[in-house]
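Respectively, the protein sequence lines represent chains A and B. For the first sequence, my numbering begins at 1 and goes up steadily by one. For the second sequence, my numbering begins at 486 and goes up steadily by one. Presented below is the structure to which this report refers.
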Amino acid sequence: MQNLYQFNAGELLSLYRENKITQSDLVSSVKKRINEVDKKTKAFVKVIEEPKKPKTKGKLSGIPIAIKDNICIKGLETTCCSKILKGFIAPYDATVIEKIEQEGAIVIGKTNMDEFAFGSSTENSCFGPTHNPWDLDRVCGGSSGGSAAAVAADETILALGSDTGGSIRQPASFCGVLGLKPTYGRVSRYGLVAFASSLDQIGPFAKNTFDLALLLSVISGYDERDSTSVNKQVPDYTKELRKDVKGLKIGIPKEYFRDSQLDEQAIQPEVKKAIQKAKDVFESLGAQCLEISLPHTKYAVSVYYIVATAEASSNLARFDGVQYGHRAVLKSREGQNIVDMYMRSRQEGFGPEAKRRIILGTFVLSSGYYDAYYLRALKVRTLIKEDFLKAFQMCDFLIAPTSPTTAFRIGEKINDPLRMYLSDIYTISANLAGIPALSLPCGFDEQGLPIGLQILGKPFDEEMILRAAFTFEQETSWHKKRPNL
Amino acid sequence: MNEFEAVIGLEVHLQLATQTKLFCGCLVKFASEPNRLTCPVCLGLPGSLPVINEKAISYALKVALALNCTIGEIVKFDRKNYYYPDLPKNYQISQYDLPLASRGSLLISGDNSKKIRIRRVHLEEDAGKLIHEEDCSLVDYNRTGVPLLEIVTEPEINSSEEAYNYLLSLKTLLKYLEVSDCDMEKGSLRCDANISMRVKDSSVLGTKTELKNMNSFKAVRCALDFEIKRQSALLEKGGAVVQETRLWDEEKGITISMRSKEEASDYRYFPEPDLVPFSIDRQTIETVKSSLPELPQEKALRLRQRYKLSEADAQFLVIEPKLVQFFEDCCKVYQKPKIILNWIKGPLSYEINQRNKPLEELKLKIDDFLALIKLVDNNTLSNLSAKSVLTIMLEEFKSPKEIIKEKNLDQVSNESSLLKFIEEVLAENQATREAYLNGKTNSIMFLVGQVMKNSKGKANPKIVKEILEKKLKGEKNA
Chain A
1 MQNLYQFNAG ELLSLYRENK ITQSDLVSSV KKRINEVDKK TKAFVKVIEE PKKPKTKGKL
61 SGIPIAIKDN ICIKGLETTC CSKILKGFIA PYDATVIEKI EQEGAIVIGK TNMDEFAFGS
121 STENSCFGPT HNPWDLDRVC GGSSGGSAAA VAADETILAL GSDTGGSIRQ PASFCGVLGL
181 KPTYGRVSRY GLVAFASSLD QIGPFAKNTF DLALLLSVIS GYDERDSTSV NKQVPDYTKE
241 LRKDVKGLKI GIPKEYFRDS QLDEQAIQPE VKKAIQKAKD VFESLGAQCL EISLPHTKYA
301 VSVYYIVATA EASSNLARFD GVQYGHRAVL KSREGQNIVD MYMRSRQEGF GPEAKRRIIL
361 GTFVLSSGYY DAYYLRALKV RTLIKEDFLK AFQMCDFLIA PTSPTTAFRI GEKINDPLRM
421 YLSDIYTISA NLAGIPALSL PCGFDEQGLP IGLQILGKPF DEEMILRAAF TFEQETSWHK
481 KRPNL
Chain B
486 MNEFEAVIGL EVHLQLATQT KLFCGCLVKF ASEPNRLTCP VCLGLPGSLP VINEKAISYA
546 LKVALALNCT IGEIVKFDRK NYYYPDLPKN YQISQYDLPL ASRGSLLISG DNSKKIRIRR
606 VHLEEDAGKL IHEEDCSLVD YNRTGVPLLE IVTEPEINSS EEAYNYLLSL KTLLKYLEVS
666 DCDMEKGSLR CDANISMRVK DSSVLGTKTE LKNMNSFKAV RCALDFEIKR QSALLEKGGA
726 VVQETRLWDE EKGITISMRS KEEASDYRYF PEPDLVPFSI DRQTIETVKS SLPELPQEKA
786 LRLRQRYKLS EADAQFLVIE PKLVQFFEDC CKVYQKPKII LNWIKGPLSY EINQRNKPLE
846 ELKLKIDDFL ALIKLVDNNT LSNLSAKSVL TIMLEEFKSP KEIIKEKNLD QVSNESSLLK
906 FIEEVLAENQ ATREAYLNGK TNSIMFLVGQ VMKNSKGKAN PKIVKEILEK KLKGEKNA
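Here's what the structure looks like:
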C-alpha cells in the first residue's frame, strides 16, 4: 500500500470524496514524511506544528501545500531566507494565501529559497542550501528550490514558488517535478516580497499536470490590490486538459540549441537529446514541429541582469533596520547616526549575492549610466518580447530545454556568479516577455538526474501549454519517477 | 555698475484633501494619534503594492486644468530613490519625465498683474514626520502616502513681491477648487524657491540657490529678500554664488547653507513597475473641465460688470470664495451692492480679523446680516450701535431685532425723547452754546457728539443736529 504522501492532489481529492481518508490522515502522513526526509533535503525553513484546519470547502479541500518563504502569511515569520528579515512577522496574508485557504488548502510550512530569490541553486539562503532529493550532493535549483525539492521528496502535495527569471521552472527541472510561471499579471503579486516587480510571478509546483492546472486555477485572477494584475477571466484549467496536439504547430527556437553561441556553458548533450525525443513524441501524436528564431536571445541574460537588479536595488531599499527586521547594534566608537545604522544593518543583514545585485542595480540606475544601461535594456526587452510575438504568429507553443544542464554540485558555481547566471539562460526570456512557461520532466541523464522540458505559450494561453504538457505526460511516465530517499 | 535682477522659480507642494491616501485606503486626517492611519501599503511593508486613488487624479486634474495646463497623454509614476527614515520604502513614488500636466499659467493680481507660466504639475506621495526627542527620534507614518501635488513655475518671477502675489493668487485659486485646505501652518501647503541673480535685461542666468523651510508666504518673501541682497552683494564684490540648498532661519531672518550641489543625492529615478501607466481620456478631461467652478479672475471681472465694483473691491472679494459667495447671496436679497460691500469690507472684516476665523465659522446668517443693514438704512439703528449689535450677533447667535430689544438700542428719532438729552447737554455746555451763538457754527458737532454719548449711541445724529440747529437759531433770533 502506498503512503498517502505519495499521492497527487487529484487522487487525494477522490479519496476524500469517497470518504476513504480524513484530513488528519493525510496531514500526519505528510508530516511523518517531512520528519523522515527533511533532515536530508532541508526543503523547509519552517514546518507549521499545527496546520490551520480549512474553514471552507473548495477545490483544494484538505490538500497540504508548502509556501515559498517570500510569500506573506499572516502571523508567520516571512524572511525571504535573509538575515535582514529575521523576526519579521507578516501582519497580513498574500492574496494567493487567501485564495488557496478559501479553497480549503492546508498550509503546512514555508520552504527554502535563495535570499530574496537571488540565485539558481538555493545556496544563497541564510538557512543553508536545500539538497536535491535525487542526489543530496547536488543543488535543487533555485530560487524556489525548497518548494521544488519538497514536492519531489513527497514532503508536500503541492507548493507555491515565485519565478523572476526561471525560479520555478529551473528547480522543477532539477528536481523532476512540474512548475509553471504564469503570464505576467495572471496571478496577484500582493504579498509576494518583491525582487523585480516587472518580472515576478507566483506559480504552482506539482507532481502532474492536473495538479498544476488545479492550483493555477485557484491562484489566478484579477486583484484590485495589485495594479499589474490583469482583469481577464480565469478558465478552469483542469477542464481544458486533453490528450490532443494533432495539427498543432510547435516552435523550436534554434538559438536554444546552438552550442557554439554559449561559450561559457554549452548545452549538456543528454539534455539536448531528451528535448529531441520530446519533439518526436509530439510529432508522433500529429503535431508539426518547426524551427523558429528568437534573434535577440543572446541579449536576454544581460538585459535581465540590468532590469532585475535595477528594480531589486530599489525594492530592497526598505530593509534598513528602521521599522522591522535586523537592526545593527552600534558600538560606541561608531557614530550613532542614522546613516551608520543603515549601513551596518544592511552590511550585516544581506548576503553576498544580495549585495552584488544591489550594487549592480544601483549602478545601472545612476545618473550618467541610466541611458546606456537601464534605458537600453528596456528597449532590448521590447525586442525580445516582439521575437516571441512574431514566433507565436507561426506556432501554438514553443518547446525548449528548461536548463542547459541537469543539477550541478553544491558549491560548484557559488563562487562564479556569471556561470550561475547562465543556468537561467533558457528561462529568463519568458519573464522579460511576460509569457507563460512551464517545465515538466522529460528524461534523466546518465547520472540519474532529471531533465526538464520547457513549454512556452502565448500571453494568457496557459491552457495551451497545460494541454501540451498533459498530452506529453499521458504518453510518457517521467513525471511518475520518484527519488529514493 | 551692473544692476541685478532676481530670477525666481517657485515649487509649491499641496496636500490634496482626498478622504484616503494616494496609494492605499488609509484615511487622510490631521492631528491623529501617531501611526494610527497606516496599513502595510503606506508602511511599505514587504509584499505590499500601491494602487492609485482615482479621486487624487481627479483633484489633480482640476488644479491642472484651472492652471490652463496641457494634460499629459499618459499618467506614469516613477520612483525617486533616497534614504530617509520618514520614507518607509526609501523611495518616493513620484512623477519624473512625464508629469500629469505641463505648460500652464496663472495670472497674478497685485499692482502689476502678470502671467506666470507653470512648468509642470505632478502627483507624488508625502513622507512621514520625524519627531526628535532628546535621546532618540520617532517616526509618525500617518502622513506617509498622503497625496501631494507639486506645482512648479518657470523661473520668471522677478521680485519677492511678485512671488508673494503668485502664492496668494495660487492659494485663492486652490480654495475655489476645494481640493486642499491650503493651510501652511499644518503643512498642507509648502513652498520652496529657486533664486538666482542676473544682470538686468541680460538673458544669461546666474547660479541659483534653492531655499527651503519657509513656513508662511511672508517667510517666502523675507527669505527671497534676504537672498536677493546676499547674492547681489556677493556678485557686486566680484564673488560667485555657490549652487546649494539653503534653509530659511525664521528667528534670525537669514538663510543658512544646508548642502551643496556635490552633496545632493542621485535619485536614480526609474519607472514605477508596480503601477501600470494609463491614459486619461478626453471625456474625463472634458468632464472635469466643465465641473470647474467660476475661477477668481473670471469672477472678479463679472463682479465689476454686474455690481459696478472697482477693481480693488472686486479683488478684495474674490480672495475669499466664501466671502464673495456671501456678498452675492446678500445682493440677491437686498439689491444695494455698494452698501453691502461697505459692510463686508468694514465691520464684518473687522470681526473676521478680530476672531481670526474664516467667515463660514462665524455662523452669520444672511437674513440677520441684511436685517441689521436695513435697520441702519431706515434709521432705526445708528451706525455705531449697529457695529456693536453685529459683535453681539456673532457672540450670541441672535437676530439683530432680539439684541436691540434686549439691549434697548433702537435709534431714538422721536423729537420729544431727544429733547430731553439735548436740553441736558445744552445746560452742561454753556460755553459751547455761547460760541455757536457767536458764529462758531462748527461747534454744533461737539454738542451732537455729547448727545450721542449721553444717549449711549442711540440718538439719531441727523435728527439731533436738526433739532439743535432749530433750537439754537431760535435762541439767536430771540
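The beta carbon of each residue, even a glycine, is placed where N, CA and C say it ideally should be.
Throw me the rounded Cβ distance for the residue i and residue j pair, which I believe falls under 8 Å.
i                  : j                  : result
Leu-633 of chain B : Glu-609 of chain B : 5 Å
Phe-174 of chain A : Ala-117 of chain A : Not quite, the Cβ-Cβ distance comes to about 16 Å (not below 8 Å), so this is no contact.
Glu-182 of chain A : Ala-105 of chain A : For clarity, residue 182 of chain A is Pro in the given sequence; the question names Glu instead. Incorrect: roughly 18 Å between the Cβ atoms, too far for contact.
Glu-735 of chain B : Ala-785 of chain B : Glu-735 of chain B to Ala-785 of chain B, Cβ: 33 Å. No contact.
Ala-9 of chain A   : Tyr-568 of chain B : In fact, because the Cβ distance is near 45 Å, the residues do not count as touching under 8 Å.
Thr-638 of chain B : Arg-588 of chain B : Thr-638 of chain B to Arg-588 of chain B, Cβ: 12 Å. No contact.
Buried or exposed: where does residue i fall if 16 or more other Cβ atoms within 10 Å of its Cβ makes it buried?
i                  : result
Arg-586 of chain B : The residue asked about is misnamed: residue 586 of chain B is Ala in this sequence, not Arg. The residue is buried, with at least 16 neighbouring Cβ atoms inside 10 Å.
Phe-282 of chain A : buried
Arg-564 of chain B : buried
Leu-389 of chain A : exposed
His-617 of chain B : exposed
Asn-132 of chain A : buried
Asp-93 of chain A  : buried
Asn-597 of chain B : exposed
Pro-778 of chain B : exposed
Phe-397 of chain A : buried
Met-878 of chain B : buried
Ala-541 of chain B : buried
Gly-87 of chain A  : exposed
Asn-839 of chain B : The residue asked about is misnamed: residue 839 of chain B is Gln in this sequence, not Asn. The residue in question, Gln-839 of chain B, is exposed, as its Cβ has fewer than 16 Cβ neighbours within 10 Å.
Phe-763 of chain B : exposed
Val-339 of chain A : exposed
What is the rounded straight-line gap between the Cα of residue i and the Cα of residue j?
i                  : j                  : result
Phe-363 of chain A : Tyr-752 of chain B : 12 Å
Lys-859 of chain B : Val-606 of chain B : 48 Å
Ala-516 of chain B : Arg-327 of chain A : 30 Å
Leu-844 of chain B : Arg-602 of chain B : 32 Å
Leu-696 of chain B : Phe-460 of chain A : 52 Å
Ile-556 of chain B : Leu-550 of chain B : 8 Å
Gly-457 of chain A : Ser-345 of chain A : 43 Å
Thr-228 of chain A : Tyr-222 of chain A : 9 Å
Lys-656 of chain B : Lys-506 of chain B : 22 Å
Leu-866 of chain B : Asp-853 of chain B : 14 Å
Val-187 of chain A : Val-218 of chain A : 10 Å
Gly-119 of chain A : Val-47 of chain A  : 23 Å
Cys-524 of chain B : Arg-628 of chain B : 12 Å
Met-682 of chain B : Lys-599 of chain B : 20 Å
Ile-84 of chain A  : Ala-469 of chain A : 39 Å
State the start and end residues of the unbroken alpha helix (DSSP H) segment that holds residue i.
i                  : result
Ser-742 of chain B : Element bounds for Ser-742 of chain B: not the alpha helix (DSSP H) but the beta strand (DSSP E), 739-745.
Trp-733 of chain B : Element bounds for Trp-733 of chain B: not the alpha helix (DSSP H) but the beta strand (DSSP E), 729-734.
Ser-173 of chain A : 169-175
Ala-678 of chain B : Per DSSP, Ala-678 of chain B belongs to no alpha helix (DSSP H); it is in the beta strand (DSSP E), 674-684.
Gln-790 of chain B : 781-792
Please state the DSSP three-state secondary structure of residue i.
i                  : result
Cys-816 of chain B : helix
Ile-888 of chain B : helix
Arg-767 of chain B : helix
Ser-590 of chain B : strand
Glu-695 of chain B : strand
Val-513 of chain B : coil
Ile-616 of chain B : strand
Lys-287 of chain A : The identity of residue 287 of chain A in the sequence shown is Ala, whereas the question assumes Lys. Of the three classes helix, strand and coil, the one that applies to Ala-287 of chain A here is coil, per DSSP.
Ser-533 of chain B : coil
Lys-565 of chain B : strand
Leu-623 of chain B : strand
Val-218 of chain A : helix
May I ask which residues mark the beginning and end of the beta strand (DSSP E) holding residue i?
i                  : result
Phe-388 of chain A : Unbroken run through Phe-388 of chain A is the alpha helix (DSSP H), 376-394; no beta strand (DSSP E).
Phe-195 of chain A : It is not in any beta strand (DSSP E) - Phe-195 of chain A carries neither H nor E in the DSSP assignment.
Glu-951 of chain B : First-last for Glu-951 of chain B: 946-962, but that is the alpha helix (DSSP H), not the beta strand (DSSP E).
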